[in-house]
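**Q** Those letters in the sequence shown? Residues 1 to 143, per UniProt numbering, in order. The structure's right below; bear with me while I get my questions together.
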Amino acid sequence: MLQLVYLSAAIKIMPDEELHSLLAQSRSNNERSGITGILLYHDGNFIQVLEGEEVQVMNLYYRIEQDSRHRGIIKLFSSHISQRDFPDWSMGYKSLSAREYNEALGYLDLANTSSLSAKETNNEREAFTLLKIFAETNIPGYR
Numbered sequence: 001m002l003q004l005v006y007l008s009a010a011i012k013i014m015p016d017e018e019l020h021s022l023l024a025q026s027r028s029n030n031e032r033s034g035i036t037g038i039l040l041y042h043d044g045n046f047i048q049v050l051e052g053e054e055v056q057v058m059n060l061y062y063r064i065e066q067d068s069r070h071r072g073i074i075k076l077f078s079s080h081i082s083q084r085d086f087p088d089w090s091m092g093y094k095s096l097s098a099r100e101y102n103e104a105l106g107y108l109d110l111a112n113t114s115s116l117s118a119k120e121t122n123n124e125r126e127a128f129t130l131l132k133i134f135a136e137t138n139i140p141g142y143r
């Protein structure tokens with residue numbers, strides 16, 4: 001199983017309706033492909049974690065790279081994992097305020113490694129670290 005994390009920037013600020021439409025389509029496609037993960041969006045910036053079988057995740061990532069709705073796609077992390085960090089999320093999504101980021105990332109409990117299921121290697125926490133850095137650098141007022 002593969003976990004991949006990337007950043008990108010929307011070519012324009014996306015209204016909520018457009019984001020919801022994108023998410024509905026993504027959830028349907030991801031469920032069929034066995035892909036889980038999370039998508040965070042703030043002021044035109046995205047960070048997304050994708051998890052699933054390597055071929056499925058890489059095929060999706062290549063399609064994302066070709067998507068004209070965003071630019072500046074940077075793969076931050078890619079690693080084989082033994083367990084999913086988002087097993088029940090066909091694609092979690094939220095466009096959040098600073099307060100909501102604190103609550104959401106607190107819910108994920110990025111600072112508390114004991115709250116996560118046991119991991120075989122340290123690099124399997126990388127996705128959580130990257131989500132936290134995204135919030136710290138993009139959201140005024142985040143912790």
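We put the beta carbon where it would ideally sit given N, CA and C, even for glycine. Every value quoted in this text rests on a predicted model; they were computed, and no experiment measured them.
1) In terms of residue numbering, what span does the beta strand (DSSP E) encompassing R71 cover?
2) Using DSSP with H/G/I as helix, E/B as strand and the rest coil, what is S117?
3) Determine the extent of the beta strand (DSSP E) in which E51 is found, giving its start and end residues.
4) Could you have a look at I13 and say whether DSSP puts it in helix, strand or coil?
5) Using a threshold of 8 Å, state whether the C-beta atoms of R69 and A9 are closer than that.
6) Does the Cβ of V55 have 16 or more other Cβ atoms within 10 Å, making it buried, or fewer, making it exposed?
7) Can you tell me the Cβ-Cβ gap for F77 and L130, rounded? I've got them flagged as a contact below 8 Å.
8) Report, in whole angstroms, the separation of the C-beta atoms of L4 and Y61, which I expect to be a contact under 8 Å.
**A** Considering the structure as presented:
1) 70 to 80
2) Because the pLDDT of S117 is 38, which lies under 50, any placement of that residue in the model is unreliable, and the number read from its coordinates should be weighed accordingly. If DSSP states are grouped into helix, strand and coil, S117 belongs with coil.
3) 45 to 52
4) coil
5) no
6) exposed
7) 6 Å
8) 6 Å
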